[in-house]
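One gets our numbering by counting positions in the sequence shown from 1 and adding 4 to each.
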Amino acid sequence: MPATASASIGAPAPNTRRRIVVTGLGVATALGLEVDSLWYAVDAGRCGIAEIRQLDASRLPVRLGAEVDVDVLQRRLSEESGEHEDPVVAANRTLLFALWAARRAWAAAGLSLHGCAAAGLDPRRAGVVVGAGVFPAIETMVPPSLDAPDDVLAAGVGTAHRDAWRAYDLGLVSDLLSSRLGLGGPSITLQAACTSGTQAIGEALRRLRRGQIDLALTGGADSMMSLFAVTGFTVLGALSRNPDPATASRPFDARRDGFVLGEGAGLLVLEELEHARRRGATILAEVRGYGASADAYRFTDMDPDARGAIAALHAALTDADLTPDAIDHVNAHGTSTPQNDRMETLALHEVFGDHAQRLAVSANKSQLGHLLCAAGGIEAVLTVLALHHQRLPPTLGLHHSDPDCDLDYVAGASRAARIRAAVSSSFGFGGQNGCLVLTRPPGDPEAEP
């Protein structure tokens, strides 16, 4: 159960453990490549879902996605650094998104893009923990005429396409960010399905608290906008077949029928509080708690009793040393699948009790699609922005109430609210669960209840 400590948001964390704050944000999304433009679009209720452009989806039952404008991203990256000319980066959209968001987050934190040394930091005290996916590789590396393993070997694919093979090395995501920014601390790429970004932030938080590092670049990046992925998720029955971009992703709606694939990145710079203060950094929020769990149920289904989600929420609140009534806002996993939304609502009722009816719950996937491994990263970024702007992002497409989904989902339009503390939740494929508790910056008088 959550600790019974005071719900005061400004109170010190348990004991004297190091307090960890957010000082930089970077994004690559279908609604914008800059944090400010993304927030404007989200707050205005815009939807980034449209017809898929990067592959021929004309013969597929699902033709919608939320794609990043890669042409604009590559042009701007080229103007800044020439990075997109690296064949390894060019071969993998996940790497492109991660690099772009990392540069944005690093600069927003007031740090030099020339690396740790130029920023006056000890490189050994700065690391990377990022959740990412590098699927699919086969369809881009193996010629379609090669059917059998012998054909592939005979064609020398492994030699001829070594840059492409390297581009799909999962560890390369964190390796790339570490090398580009000169971060000599831990370099970890974490893969936990749709919970990857959230668990990456949680693991970075733990290393910072232990004093292993003073600063971390963390979050998530992913792209599964491909023929294999679209086909595979369609066969699983996970994707919406609604042809209307405005209502294809409709979390918590009675007529929801699946999620819409998205892509992009959401990265944050986390720092130990006094480290951030010494260098005069702008503090956007505090990462107060983290909880993780596994459903230990079925690989393709969530536990209908929500036991894993409940455990992760309880663990995050306990870690934050906050009672349930201290939470004002929940950035939900909100996939728009019948199973997830019902389960998530059940978990919120169980953990928050009567206070659940006072929670404001938002589902960003209604605007950005499901970014899979990057989902937790971009949703953590938007949770920080909600705290900073004191506004609740909307849940789009919610027009027909599901009796099993009976909370305040901020339907249709954003609104102003007093947000002292918020939870960002991820409940992923295979039963991976992760929850973060974020609060307003330490010392902010508005954080007190």
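We put the beta carbon where it would ideally sit given N, CA and C, even for glycine. What you are looking at is a predicted structure, and each value in this text was computed from that prediction instead of being measured.
query: The ligand SAH heavy atom lying under 6 Å from the CB of D358; result: Here there are no bound small molecules, and the ligand SAH is not part of this structure.
query: Cβ pair count under 8 Å reaching 3, the segment 372–389 against the segment 298–316; result: no
query: Inter-residue Cα distance where the pair is I53 and A34; result: 8 Å
query: Length of the line joining the Cα atoms of V427 and P91; result: 39 Å
query: Minimum length 3: unbroken beta strand (DSSP E) runs contained in the segment 273–319; result: 289–298
query: Residue burial classification, L240 (beta-carbon count within 10 angstroms, cutoff 16); result: exposed
query: Candidates S62, D325 and V74: closest to D94 by CA position; result: Per the sequence presented here, residue 94 reads as Ala, with Asp not at that position. For the residues S62, D325 and V74, the minimum Cα distance to A94 belongs to V74.
query: Residue span of the beta strand (DSSP E) that contains T27, given as start and end; result: I24 to A32
query: Any 3 or more C-beta pairs closer than 8 Å across the segment 270–277 and the segment 228–240; result: no
query: Whole beta strand (DSSP E) elements within the segment 332–368, 3-residue minimum; result: 333–335 and 364–366
query: C-alpha distance - A112 paired with R282, whole-angstrom precision; result: 17 Å
query: L440 (DSSP reduced to helix, strand or coil); result: strand
query: C439, buried or exposed, once every other Cβ within 10 Å from all chains shown has been counted against 16; result: buried
query: C-beta contact flag for V132 and L209 at 7 Å; result: no
query: L363 versus L352: straight-line alpha-carbon distance, rounded; result: 9 Å
query: Opposing strand residues paired with R211 [DSSP bridges]; result: Per DSSP, none; premise fails for R211.
query: G175 versus S429, Y44, L194 and G189, residue with shortest Cα-Cα distance; result: L194
query: Cβ-Cβ distance between G49 and R254 below 7 Å; result: no
query: Same chain, Cβ closer than 8 Å to V39, neighbours up to 5 away in sequence not counted; result: L29, G30, V31, R108, A112, V385 and L389
query: Whole runs of the alpha helix (DSSP H) within the segment 95–131, excluding any shorter than 4 residues; result: 97–112
query: Distance between L391 and P453 (C-alpha atoms, nearest Å); result: Only weak support exists for where P453 lies, its pLDDT of 40 falling under 50; the value from the coordinates is given anyway. So the two alpha carbons sit approximately 14 Å from each other.
query: Pairwise C-alpha distance: Y294 and V441; result: 6 Å
query: Whether L212 touches L274 by CB criterion (7 Å); result: yes
query: Identified DSSP bridge partners for T251; result: Looking at the DSSP assignment, T251 forms no beta bridge with any residue, so it has no partner.
query: Best match in T349, D329 and D332 for proximity to G338 [C-alpha to C-alpha]; result: T349
query: Contact set for I192: own chain, Cβ-Cβ below 8 Å, skip 5 residues either direction; result: G131, V132, V133, V134, S178, A204 and E207
query: Extent of the continuous alpha helix (DSSP H) to which T387 belongs; result: A379 to H393
query: Within 7 Å, strictly: CB atoms of G312 and G215; result: no
query: Cβ-Cβ distance between C51 and Q371 below 7 Å; result: yes
query: Within 7 Å, strictly: CB atoms of L68 and V264; result: yes
query: Test item: CB-CB of G262 and S244 under 7 Å; result: yes
query: When V414, C409 and D173 are compared against T399, the one with the closest alpha-carbon; result: V414
query: Simplified DSSP state of P153, which is helix, strand or coil; result: A caution first: P153 carries a pLDDT of 45, below 50, which makes its placement in the model unreliable, though a value can still be read off. Residue state, collapsed to three classes: helix.
query: Where D408 falls: helix, strand or coil (DSSP); result: coil
query: C-alpha distance - L100 paired with R57, whole-angstrom precision; result: 18 Å
query: Own chain partners of Q361 with C-beta closer than 8 Å, once the 5 adjacent residues on each side are dropped; result: L411 and D412
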